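Note that UniProt numbering has the sequence shown beginning at 1, numbered continuously upward.
Beta carbons: idealized from backbone N, C-alpha and C, even for Gly.
From a predicted model like this one, the values you see are computed outputs, not experimental measurements.
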Amino acid sequence: MTFDITKIARPNILTLEPYRCARDDFQEGILLDANENTYGPTLKNISSEESALGLNRYPDPHQIALKKQICAYRNSEAEKPGSLVKIPTDSNGKSQGLTAANLCLGVGSDEGIDILIRACVKPGVEKVMICPPTYGMYSICCVVNDVEIVKVPLELDTFQIQPEKILDQLRKDPDIKLIYITSPGNPTAQLIKQSLILQVLKGIEELSWNGLLLLDEAYIDFAPSGSSMSVLVNKHKNLAVMQTFSKAFGLAGIRLGITYSTPEVSILLNSMKYPYNISNITSSIALRATTEGSLNNMKHVVGTIIEQRAIVLEKILKINGVGRNVGGTDSNFILIELLNKDGKPDNKVAHEVYSRLATERHVVVRFRGSELGCTGCLRITIGTPAENEKLLEEFETVLTDVNK
Ligand SMILES: Cc1ncc(COP(=O)(O)O)c(C=O)c1O
1 MTFDITKIAR
11 PNILTLEPYR
21 CARDDFQEGI
31 LLDANENTYG
41 PTLKNISSEE
51 SALGLNRYPD
61 PHQIALKKQI
71 CAYRNSEAEK
81 PGSLVKIPTD
91 SNGKSQGLTA
101 ANLCLGVGSD
111 EGIDILIRAC
121 VKPGVEKVMI
131 CPPTYGMYSI
141 CCVVNDVEIV
151 KVPLELDTFQ
161 IQPEKILDQL
171 RKDPDIKLIY
181 ITSPGNPTAQ
191 LIKQSLILQV
201 LKGIEELSWN
211 GLLLLDEAYI
221 DFAPSGSSMS
231 VLVNKHKNLA
241 VMQTFSKAFG
251 LAGIRLGITY
261 STPEVSILLN
271 SMKYPYNISN
281 ITSSIALRAT
291 TEGSLNNMKH
301 VVGTIIEQRA
311 IVLEKILKIN
321 GVGRNVGGTD
331 SNFILIELLN
341 KDGKPDNKVA
351 HEVYSRLATE
361 RHVVVRFRGS
371 ELGCTGCLRI
381 TIGTPAENEK
391 LLEEFETVLT
401 DVNK
């Protein structure tokens with residue numbers, strides 16, 4: 001089928017013109033065009049680094065240099081030997097790698113989640129599919145946008161998607177416009193197999209479904225190298241992929257997320273976003289974070305987190321009262337089952353351990369026992385070696401006491 005943006009986007013969104021600001025035409029000279037304060041920031045004792053950020057000026061709405069650096073990184077990962085996802089070529093053999101035209105940058109990937117609903121799903125009429133257990137923000141954005149949620153759960157033994165059930169639901173319900181899939185999952189820490197995502201994409205192309213499959217890859221850099229499917233958005237036009245600087249890059253505080261999609265979708269998203277959503281501070285730090293030296297450092301830190309994850313998992317699973325590692329090992333957290341005296345996964349035990357760890361021991365983890373397929377589960381982020389040791393020590397003491 002031919003991809004038809006006019007059937008995917010809401011009609012009002014299609015009428016938007018791509019945003020243009022005065023600086024698109026003139027960037028230099030005496031800039032008296034945007035009602036900025038040309039005297040400069042009024043901060044007392046401004047440092048030379050802060051001065052260099054040009055904080056009295058509006059940021060660049062397009063961020064092309066940053067987008068190019070992000071694309072260079074993702075393309076180069078996909079080109080490495082052994083990469084699980086390869087850059088496709090078109091019918092003339094030309095590479096379909098990512099370019100700046102595929103990207104929309106947002107205030108965290110949370111902005112990407114919301115903007116896609118607003119772009120495609122008619123409030124009060126159309127619907128969004130989610131695959132629980134999954135990240136809670138999809139549902140919050142659906143509620144805010146007055147959009148109904150349809151649930152097609154993950155297969156609960158493997159935490160993989162169920163392509164046939166997803167496609168059946170799409171056949172039954174033509175009002176579904178978006179599907180959110182998290183890979184690696186939260187709270188499952190499980191990478192979704194590429195073959196299953198491709199099965200859904202093939203199915204929706206055959207169905208001529210007019211919607212988007214959103215793959216949220218917030219934790220992708222903790223998964224095996226070359227797992228990101230972002231490089232496939234030019235081939236599979238119904239695919240959009242989201243990533244964030246909040247996890248592997250260690251930059252949750254700068255609030256930067258990326259949505260990769262086909263250029264047709266990307267133009268719409270860039271027309272909808274607030275023009276100056278990416279601050280000068282955010283872009284300057286992200287530009288540094290995507291240079292070769294910083295990327296190598298990110299990989300080094302990711303390697304350390306993965307090593308620590310193995311140590312924590314090995315030790316925690318030996319503690320009396322801990323059941324299975326319910327999730328996968330593709331993220332910077334683990335999902336652990338807590339058992340009661342009868343050896344059964346138990347939410348009461350898990351909640352009490354969670355609560356006492358925080359209040360009595362000042363170690364804060366996340367209770368996830370209410371999520372589908374996660375009875376008795378705590379989600380634990382992998383910290384520094386010292387934090388992990390403290391966690392393991394306090395966790396054992398509290399769990400032993402709760403199960404006494
Ligand atoms: C699966 C998933 N997607 C998106 C986000 C949000 O990321 P950001 O900080 O970029 O808004 C999170 C944050 O925890 C997440 O777990």
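Residue interval of the beta strand (DSSP E) (run including Met229):
What you label residue 229 is simply residue 229 of the sequence shown in a count that begins at 1. Segment: none, Met229 is in no beta strand (DSSP E) and carries neither H nor E.
Nearest-angstrom Cα separation, counted from Ser331 out to Thr375
Counting from 1 along the sequence shown, the entry for residue 375 is found at position 375. Counting from 1 along the sequence shown, the entry for residue 331 is found at position 331. Each residue's alpha carbon lies about 20 angstroms from the other.
May I ask whether a heavy atom of ligand 1 can be found less than 8 angstroms away from the beta carbon of Phe26?
The sequence position of residue 26 within the sequence shown is 26, counting from 1. For ligand 1, not one heavy atom lies less than 8 angstroms from the Cβ of Phe26.
Contact test: Glu111 Cβ vs ligand 1 heavy atom, cutoff 8 angstroms
To locate residue 111, count along the sequence shown from 1; it is residue 111. It does: the Cβ of Glu111 is within 8 angstroms (strictly closer) of some heavy atom of ligand 1.
Go ahead and label Gly40 buried or exposed: buried means 16 or more other beta carbons lie within 10 angstroms of its beta carbon, across all protein chains shown.
Locating residue 40 in the sequence shown gives position 40, counting from the first residue. So Gly40 ends up on the exposed side.
Delimiting residues of the alpha helix (DSSP H) encompassing Gln69:
Counted from its first residue, the sequence shown places residue 69 at position 69. That run of the alpha helix (DSSP H) goes Ile64 to Glu79.
Spatial neighbours of Gln96 in its chain, beta-carbon cut-off 7 angstroms, leaving aside the 5 residues before and after
If you number the sequence shown from 1, residue 96 lands on position 96. Cβ neighbours of Gln96 within its own chain (closer than 7 angstroms, five residues either side excluded): Ile87, Pro88, Thr89, Asp90, Asn234 and Lys235.
Within 10 angstroms of its Cβ, does Thr290 collect 16 or more other Cβ (buried), or is it exposed?
Translated into the one-based positions of the sequence shown, residue 290 becomes position 290. The residue in question, Thr290, is buried, as its Cβ has 16 or more Cβ neighbours within 10 Å.
From Val402, Ile204, Glu393 and Gln190, residue whose alpha carbon lies closest to that of Pro224
Here residue 224 is taken as the residue at index 224 of the sequence shown, counted from 1. It is Gln190.
How is Lys177 classed by DSSP in three states: helix, strand or coil?
By one-based count along the sequence shown, residue 177 stands at place 177. For Lys177, the three-state secondary structure derived from DSSP is strand.
Residue nearest to Val312 in terms of C-alpha spacing, selected from Ala386, Ser83, Thr244 and Asp60
Residue 312 sits at position 312 when you count from the first residue of the sequence shown. Answer by Cα proximity: Ala386.
What's the call for Arg309, buried or exposed, on a 16-neighbour Cβ count within 10 Å?
To locate residue 309, count along the sequence shown from 1; it is residue 309. Buried: at least 16 other Cβ atoms inside 10 Å.
According to the neighbour-count rule (16 or more other Cβ atoms, all chains shown, within 10 Å of its Cβ), is Gln27 buried or exposed?
On the sequence shown, position 27 is the one that residue 27 refers to. Per the 10 Å Cβ criterion, exposed.
I'd like to confirm something about Asp33: is its beta-carbon nearer than 8 angstroms to some heavy atom of ligand 1, or not?
Numbered from its first residue, the sequence shown carries residue 33 at position 33. No; taking the cut-off as 8 angstroms, the Cβ of Asp33 has no heavy atom of ligand 1 nearer than that.
How is the beta strand (DSSP E) around Lys94 delimited, first residue to last?
Mapped onto the sequence shown, residue 94 falls at position 94. Taken as a continuous stretch (DSSP letters only), Lys94 belongs to no beta strand (DSSP E), as it is neither H nor E.
According to DSSP, residues forming a beta bridge with Ile161:
Sequence index remark: in the sequence shown, residue 161 carries index 161 (1-based). Partner(s): none; Ile161 has no beta bridge.
By alpha-carbon positions, which one of Leu16, Leu338 and Thr329 ends up nearest to Asn320?
Reading the sequence shown from its first residue, position 320 is the one you call residue 320. Answer by Cα proximity: Leu338.
Can you tell me whether Pro61 is helix, strand or coil according to DSSP?
As a working note, residue 61 is residue 61 in the sequence shown. Correct three-state label for Pro61: coil.
For Tyr58, I'd like the list of residues in its chain whose CB is within less than 6 angstroms of its CB, leaving aside the five on either flank, ordered along the chain.
Here residue 58 refers to the residue found at position 58 of the sequence shown. Excluding sequence neighbours, Tyr58 sits near Ala34 and Tyr276.
Quick one: grab the DSSP three-state call for Thr359.
If you number the sequence shown from 1, residue 359 lands on position 359. If DSSP states are grouped into helix, strand and coil, Thr359 belongs with the helices.
Taking just the CA atoms, how far does Ile306 sit from Arg288?
Here residue 288 refers to the residue found at position 288 when the sequence shown is read from its first residue. Here residue 306 refers to the residue found at position 306 when the sequence shown is read from its first residue. The alpha-carbon atoms of Arg288 and Ile306 are separated by roughly 24 angstroms.
Report the residue from Thr6, Gln199, Leu215 and Pro263 whose alpha carbon sits nearest the alpha carbon of Val121.
Position 121 of the sequence shown holds residue 121. The residue with the shortest Cα to Cα distance from Val121 is Thr6.
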